[in-house]
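Colleague: Numbering (the numbering used here), first residue to last: 12 to 91. I have a structure I would like to understand better, so I am pasting it below and will then ask my questions one at a time.
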Amino acid sequence: MKSWVNIDTPLKTYTVHLDHEEYPYVLEMKQKSKQGWKKQQGTGGWKSFLSKEEALDIYEINHKGKLKLIECGHCKQLIG
C-alpha cells in the first residue's frame, strides 16, 4: 500500500501515513512543490513512497537519529 511521509524539519519529525481510501488526510495527496526535494529540506514537506516498508527503510538510511519516527495512529486504526 502506498504511503505518504510528512517530514517536518523544525519539529524534527518523520510521520508515516498510509494512503487509505477512508482516511481523508492523505486522500488525493500530491507533492505540492515543484522545487524538488532538496530545496524542501529547509522546512520539510510531503514525500510519497510505494509502501510503508520503503518509507521506513528511507527513514533508517537517511533520517534515523535526526528525526523522530511517528506512525500515524489514525492510519493504524483504519488498517487494523
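Virtual Cβ for every residue (Gly too), placed ideally from N, Cα, C.
Can the beta-carbon of K75 be found closer than 8 Å to that of T24?
Modeller: On the sequence shown, position 64 is the one that residue 75 refers to. On the sequence shown, position 13 is the one that residue 24 refers to. Cβ distance not < 8 Å, so K75 and T24 don't count as in contact.
Colleague: If you compare alpha carbons, which of D68, L67, S62 is closest to D30?
Modeller: Here the question's residue 30 lines up with position 19 in the sequence shown. Ranking the options by Cα distance to D30, first place goes to S62.
Colleague: Please confirm whether T26 and C83 have their CB atoms less than 8 Å apart.
Modeller: Along the sequence shown, one-based indexing puts residue 26 at 15. Along the sequence shown, one-based indexing puts residue 83 at 72. For T26 and C83, yes; Cβs fall inside 8 Å.
Colleague: Are G55 and I81 closer than 8 Å when you measure CB to CB?
Modeller: As a first step, residue 55 is located in the sequence shown; it is residue number 44 there, counting from the start. As a first step, residue 81 is located in the sequence shown; it is residue number 70 there, counting from the start. Not closer than 8 Å, so no.
Colleague: Express the C-alpha separation of N73 and K58 in angstroms, rounding to a whole number.
Modeller: Here residue 58 refers to the residue found at position 47 when the sequence shown is read from its first residue. Here residue 73 refers to the residue found at position 62 when the sequence shown is read from its first residue. For K58 and N73, the distance between alpha carbons rounds to 14 Å.
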